[in-house]
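Q:
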Amino acid sequence: MAAGLWMAAPTAGAMDDIIDESRGNMRKAKLSFKGDNTIEKKKKKKRKADTEAEETLPEDGWVPVDHIDDIKGPVMFLTTSTDPASVLSCSDSSSKVQFTPVDPATPLASYEPTTVSQVFVAKRLPDSSKICFRSAYDRYLGSDKFGVVQCEREAMGPSEEWEIVLREDGLALQSSFEKFLKCDEDGRARADSEIVGFREVFQMRCQAANKARAKKKKVDVSINAEDLEVDHIKKFHSWGGGRLVLSHEDTTVLRKAKKEGNLNETLLDRRSKLKSDKFCK
Numbered sequence: 001m002a003a004g005l006w007m008a009a010p011t012a013g014a015m016d017d018i019i020d021e022s023r024g025n026m027r028k029a030k031l032s033f034k035g036d037n038t039i040e041k042k043k044k045k046k047r048k049a050d051t052e053a054e055e056t057l058p059e060d061g062w063v064p065v066d067h068i069d070d071i072k073g074p075v076m077f078l079t080t081s082t083d084p085a086s087v088l089s090c091s092d093s094s095s096k097v098q099f100t101p102v103d104p105a106t107p108l109a110s111y112e113p114t115t116v117s118q119v120f121v122a123k124r125l126p127d128s129s130k131i132c133f134r135s136a137y138d139r140y141l142g143s144d145k146f147g148v149v150q151c152e153r154e155a156m157g158p159s160e161e162w163e164i165v166l167r168e169d170g171l172a173l174q175s176s177f178e179k180f181l182k183c184d185e186d187g188r189a190r191a192d193s194e195i196v197g198f199r200e201v202f203q204m205r206c207q208a209a210n211k212a213r214a215k216k217k218k219v220d221v222s223i224n225a226e227d228l229e230v231d232h233i234k235k236f237h238s239w240g241g242g243r244l245v246l247s248h249e250d251t252t253v254l255r256k257a258k259k260e261g262n263l264n265e266t267l268l269d270r271r272s273k274l275k276s277d278k279f280c281k
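In my numbering, the protein residues as written are 1 to 281.
1. Assign E55 to one of two classes, buried (16 or more other C-beta atoms within 10 Å of its C-beta) or exposed (fewer than that).
2. Less than 8 Å between the beta carbons of P158 and S135, yes or no?
3. Looking at the structure shown, is D50 part of a helix, part of a strand, or coil, going by DSSP?
4. Please confirm if the segment 73-83 is in contact with the segment 159-166, defined as three or more CB-CB distances below 8 Å between the two stretches.
5. Would you decide whether E200 is buried or exposed? Buried here means 16 or more other CB atoms lie within 10 Å of its CB.
6. Cα separation between T80 and D144?
7. Can you give me the C-alpha to C-alpha distance between V116 and K258, rounded to a whole angstrom?
8. With distance defined between alpha-carbon atoms, name the residue in A122, L141 and C183 nearest to C90.
9. For R139, does the three-state DSSP call read helix, strand or coil?
10. List the whole-angstrom C-beta distance separating D192 from K179, where the pair is believed to meet the contact cut-off of C-beta under 8 Å.
11. Using three-state DSSP, classify I223 as helix, strand or coil.
12. So what does DSSP say about P113, is it helix, strand or coil?
13. Pick helix, strand or coil for T79, following the three-state DSSP scheme.
14. Give every residue of the same chain whose Cβ lies closer than 7 Å to the Cβ of K188, excluding the five residues on either side of it in the sequence, and list them in chain order.
15. How long is the line joining the alpha carbons of G240 and L267, rounded to whole angstroms?
16. Along the chain, where does the alpha helix (DSSP H) that runs through T252 open and close?
17. Between R139 and D184, what straight-line distance do the alpha-carbon atoms span, to the nearest angstrom?
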C-alpha cells in the first residue's frame, strides 16, 4: 500500500450492504408496530392438533377476522360501500377520522396497510365483551352521542368502547350510545345508525400471527381440560412444602363443562374447594 494511504475495514453492516448490492438485491421494510412479538424457533415436539392449526394459517401478513378472539393487536377496517373500497384512517395532525380509497389494483382479500394511520390496536376490556381501538398516534377511536367519530382522547372511556357484532358478511361496531359505525356517501365515518345495513358492515383484518396464536389457544383448551386446571391451580396455588394440591373430583366434569361452555365457572368452583388456593376461600 502506498505511503500515506489508509483504508478502514468495512463493518459487518457495511459488508452486508456490499453483499446485497453485489447480488442486485434491495432490502424491503414492512410496517412494524409496537407490541409485535419476535417469533422464536423452539425445538420441541408439537402435538398433531397444533401442527394442523399452524398448517392452515399463514405465519405473516394480514388475514380476515372471523372470530372475536382474532380481534387483538393491530387491526384495520375496510368497507366495500364505496367505489373503490376504502380503509378507515386517522389523521396524524388532528382528531379527524375518515375512510380513504384503497388502490383498486390491489385485491381486497390481500390488502395490507400502506401507512400506520390505517392501523388501530385493539384492546379487550377486562371482564367485558367491549373493545377499544387505539390509533398509531396514541388516541382512541370514539363517538359522541351525536354520532361524531373522532380519535381525540388519549385515555379510554365509555365513548371509546365498541361492541363487535359478527355477521356472515363481515362485522358491525356498536358504540356505547347503541348506534352503529358507518361510512356515509362522502366517505365520512359516523356512528348514528340504528340498524345494520350495507354501509354499517366492515371487513376487519388482523395480523396473521395474532390469529394463529388465538387459534392455537383454542385448540389447547379443547384438547386437554385437565391440563388447563393444573395451570390454573399453579397460578393461584399457595405453595406449601413445594407440593401441588389438586382436586380429587372426577375430571370428566371438566370435559362436560367444556362442551356446555361453562369451563371457567367449573374451574373456579373446583378451586374454591382447595384450602391452599389463595384467591378462592
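Where is the CB? At the ideal position from N, CA and C, for every residue including glycine.
A: Looking at the atomic coordinates:
1. The predicted position of E55 is uncertain, since its pLDDT is 49 and thus under 50; no value can be drawn from it.
2. Note that the C-beta distance between P158 and S135 is not below 8 Å.
3. Note that D50 scores 49 on pLDDT, short of 50, meaning its location in the model is unreliable; the coordinates nonetheless yield the value given after this. Helix, per DSSP.
4. With the cut-off at 8 Å, the segment 73-83 and the segment 159-166 do not touch.
5. With 16 or more other Cβ atoms from the protein chains shown falling within 10 Å of its own Cβ, E200 counts as buried.
6. T80 and D144: Cα-Cα distance of roughly 25 Å.
7. K258 has its alpha-carbon roughly 39 Å from the corresponding atom of V116.
8. For C90, the closest of A122, L141 and C183 by C-alpha to C-alpha distance is L141.
9. In the structure shown, R139 sits in coil (DSSP, three-state: anything other than H, G, I, E or B).
10. Indeed, because the Cβ distance is near 5 Å, the residues count as touching under 8 Å.
11. Confidence is the limiting factor: at I223 the pLDDT is only 48, short of 50, which leaves the residue's position unreliable, though a coordinate-based value still follows. Of the three classes helix, strand and coil, the one that applies to I223 here is helix, per DSSP.
12. P113 falls in the coil class under three-state DSSP.
13. Here T79 sits in strand by DSSP.
14. Note that residue 188 corresponds to Arg in the displayed sequence, not to Lys. Only Q98 meet the Cβ criterion.
15. For G240, the predicted model reports a pLDDT of 47, less than 50, meaning its position is unreliable and no value from the coordinates is stated.
16. T252 to E260 is the span of the alpha helix (DSSP H), which, as asked, contains T252.
17. Looking at the backbone, the Cα of R139 and that of D184 are separated by about 23 Å.
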